[in-house]
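A.B. asks: This is the structure I want to talk about, given as structure tokens.
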Amino acid sequence: MKPVTLSCFIIDNIYRFIDVNNYLLVSKNKGKLMNGIVKNELNKLLERNPSLSSIQESIESSFKLLLATIQNGNKILICGNGGSASDADHIVGELMKSFKKKRPLGAQLKESLENIDLEKGSYLSAHLQDTIPAINLTQHIALSTAFANDVDPDLSYAQQVFGYGKPGDLLWAISTSGNAKNVLYASVVAKAKGLHVLGMTGYSGGGLKQYCDTIICAPEKETYLVQELHLPIYHFICSMLEEILW
21 MKPVTLSCFI
31 IDNIYRFIDV
41 NNYLLVSKNK
51 GKLMNGIVKN
61 ELNKLLERNP
71 SLSSIQESIE
81 SSFKLLLATI
91 QNGNKILICG
101 NGGSASDADH
111 IVGELMKSFK
121 KKRPLGAQLK
131 ESLENIDLEK
141 GSYLSAHLQD
151 TIPAINLTQH
161 IALSTAFAND
171 VDPDLSYAQQ
181 VFGYGKPGDL
191 LWAISTSGNA
201 KNVLYASVVA
211 KAKGLHVLGM
221 TGYSGGGLKQ
231 YCDTIICAPE
241 KETYLVQELH
251 LPIYHFICSM
261 LEEILW
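Position one of the sequence shown corresponds to residue 21 (our numbering), numbered consecutively onward.
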């Protein structure tokens with residue numbers, strides 16, 4: 021019996037070795053494919069917007085941080101002011117539903133929906149889209165105005181980060197100057213609670229850069245010019261997240 025047991029042990033471990041190496045090979049190939057897709061699309065972005073060449077590395081690192089956040093099962097909180105508040109809303113719209121590709125629900129969720137109610141569950145299964153969990157902190161009007169009136173308008177985003185944020189989540193903080201007080205306060209709370217911070221600003225980065233794990237400083241100084249560059253950047257990021265995840 022001992023020789024048989026030993027042989028089985030050896031064979032079993034050979035198969036485990038093969039399985040592990042196949043997994044590593046597949047993972048490596050997937051990584052190469054992902055990097056190739058991202059590089060190709062990034063080159064197209066830079067061709068359309070040559071001024072972004074100077075911040076290519078920060079765009080890539082921001083994408084990678086967002087991807088890691090999502091793959092680890094965490095969510096994204098986004099905030100900004102004025103036009104940047106609209107950008108925050110725009111980004112959430114691209115993340116929470118299909119952007120360029122179809123995002124079908126998984127078989128297990130479909131089955132669960134249909135088990136609860138066959139008719140409604142089937143309809144939901146056919147029409148709901150898979151999602152990247154993202155919350156726009158600029159849109160909670162009742163909360164924001166109440167907090168502004170009762171406490172301090174500059175702390176509205178900070179309060180929401182405190183309430184929603186969990187370690188491993190990410191705050192996407194948008195400020196064209198990098199000095200918006202409400203965005204800075206939110207970033208401080210994010211770091212204190214163990215969130216990552218992705219900044220999106222103008223040329224200098226302002227005070228925001230000291231709190232960021234990675235920051236995209238659009239190479240312009242005037243607000244509207246900064247915002248004109250932010251849009252193609254976050255469209256690229258949202259597109260690549262969807263491409264890799266689906």
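Even glycine gets a Cβ: it sits at the ideal position worked out from N, Cα and C. Every value quoted in this text rests on a predicted model; they were computed, and no experiment measured them.
For P173, which of V203, G198, I253 has the nearest alpha-carbon?
C.D. replies: Position 153 of the sequence shown, counted from the start, is the residue given in the question as residue 173. Closest option to P173, Cα to Cα, is V203.
A.B. asks: Jot down the residue ranges of each uninterrupted beta strand (DSSP E) in the region 136-184, minimum 3 residues, whole runs only, in chain order.
C.D. replies: Whole beta strand (DSSP E) segments, 3+ residues: 154-156.
A.B. asks: Grab the span of the alpha helix (DSSP H) containing L249 for me, first residue to last.
C.D. replies: Indexing the sequence shown from 1 puts residue 249 at position 229. 243-265 is the extent of the alpha helix (DSSP H) around L249.
A.B. asks: Can you tell which of C258, I236, S259, I161 has its C-alpha closest to the C-alpha of L249?
C.D. replies: The residue given as residue 249 occupies position 229 in the sequence shown. Closest by alpha carbon: I236.
A.B. asks: Please tell me whether L72 and W192 are closer than 8 Å, where the distance is taken between their beta carbons.
C.D. replies: Numbered from 1 along the sequence shown, position 52 holds the residue referred to as residue 72. Numbered from 1 along the sequence shown, position 172 holds the residue referred to as residue 192. No, the Cβ-Cβ distance between L72 and W192 is not below 8 Å.
A.B. asks: Using DSSP's beta-bridge definition, name the partner residues of I96.
C.D. replies: Within the sequence shown, numbered from 1, the residue matching residue 96 stands at position 76. Paired residues: A154, L190.
A.B. asks: With distances taken between CB atoms, is the gap from L18 to L190 smaller than 8 Å?
C.D. replies: This structure cannot speak to residue 18, because the chain is shown only from 21 to 266.
A.B. asks: Just checking, does the region 159-166 make contact with the region 207-217 on the three C-beta pairs under 8 Å criterion?
C.D. replies: Output reads no: the region 207-217 does not touch the region 159-166.
A.B. asks: Alpha carbons only, please: which of N156, L175, G226, E262 is nearest the one belonging to D109?
C.D. replies: Here residue 109 refers to the residue found at position 89 when the sequence shown is read from its first residue. The shortest Cα separation from D109 among N156, L175, G226, E262 belongs to N156.
A.B. asks: Which partner residues of G214 appear in the DSSP bridge assignment?
C.D. replies: Counting from one through the sequence shown, the residue named residue 214 turns up at place 194. According to DSSP, G214 bridges with nothing at all.
A.B. asks: Just confirm the distance between the C-beta atoms of V209 and V171, as a whole number of angstroms; I'd bet it's less than 8 Å.
C.D. replies: Position 189 of the sequence shown, counted from the first residue, corresponds to residue 209. Position 151 of the sequence shown, counted from the first residue, corresponds to residue 171. Between V171 and V209 the Cβ distance is about 14 Å, and since that is not below 8 Å, they are no contact.
A.B. asks: Ends of the beta strand (DSSP E) at T234?
C.D. replies: Position 214 of the sequence shown, counted from the start, is the residue given in the question as residue 234. It spans 234-237 - the beta strand (DSSP E) in which T234 sits, taken as one unbroken run.
A.B. asks: Assuming S195 and N101 make a contact with CB atoms under 8 Å, what is their CB distance in whole Å?
C.D. replies: As a first step, residue 195 is located in the sequence shown; it is residue number 175 there, counting from the start. As a first step, residue 101 is located in the sequence shown; it is residue number 81 there, counting from the start. Confirmed, Cβ separation roughly 7 Å.
A.B. asks: Taking only three categories from DSSP, how would you classify V221?
C.D. replies: Within the sequence shown, residue 221 is the residue found at index 201, counting from 1. Note on residue identity: the sequence assigns Thr, not Val, to residue 221. Note: T221 maps to strand in three-state DSSP.
A.B. asks: Classify E240 as helix, strand or coil using the three-state DSSP reduction.
C.D. replies: Translated into positions along the sequence shown, residue 240 becomes position 220. The answer is coil: DSSP assigns E240 none of H, G, I, E or B.
A.B. asks: Measure the CB-CB distance between P239 and K213 and report whether it falls below 8 Å.
C.D. replies: On the sequence shown, position 219 is the one that residue 239 refers to. On the sequence shown, position 193 is the one that residue 213 refers to. Not in contact: P239 and K213 (Cβ atoms no closer than 8 Å).
A.B. asks: Closest by CA to I90, which one among K211, Y177, Y205, D150?
C.D. replies: One-based indexing of the sequence shown puts residue 90 at position 70. It is D150 whose Cα lies nearest to the Cα of I90.
A.B. asks: Given a threshold of 16 other Cβ atoms within 10 Å of its Cβ, counted over all protein chains shown, does D107 qualify as buried or as exposed?
C.D. replies: The residue given as residue 107 occupies position 87 in the sequence shown. D107 is buried by the Cβ-count criterion.
A.B. asks: Extract the residue ranges of the alpha helix (DSSP H) inside the region 64-128, only unbroken runs of 4 or more that lie entirely within it.
C.D. replies: You should have 76-91, 103-115.
A.B. asks: Assuming L261 contacts I111 (C-beta within less than 8 Å), just tell me the rounded distance between them.
C.D. replies: If you number the sequence shown from 1, residue 261 lands on position 241. If you number the sequence shown from 1, residue 111 lands on position 91. Contact doesn't hold; Cβ gap of about 11 Å is too wide.
A.B. asks: Using CA atoms only, rank isn't needed, just tell me which of S207, A154, S118, S176 is closest to L148.
C.D. replies: As a first step, residue 148 is located in the sequence shown; it is residue number 128 there, counting from the start. Closest by alpha carbon: S118.
A.B. asks: Between which residues of its own chain and I57 is the CB-CB distance below 8 Å, once the five residues before and five after are set aside?
C.D. replies: Translated into the one-based positions of the sequence shown, residue 57 becomes position 37. If we look at I57 and ignore the five residues flanking it on each side, its Cβ neighbours are M260, E263, I264.
A.B. asks: So what's A200 in DSSP terms, helix, strand or just coil?
C.D. replies: Here residue 200 corresponds to residue number 180 of the sequence shown, with the count starting at 1. Note: A200 maps to coil in three-state DSSP.
A.B. asks: Among the candidates G93, K122, L228, S142, whose CA atom is the shortest distance from the CA of L129?
C.D. replies: For the purposes of this step, residue 129 is taken as residue 109 along the sequence shown, with counting starting at 1. Comparing Cα-Cα distances from L129 to each of G93, K122, L228, S142, the minimum goes to S142.
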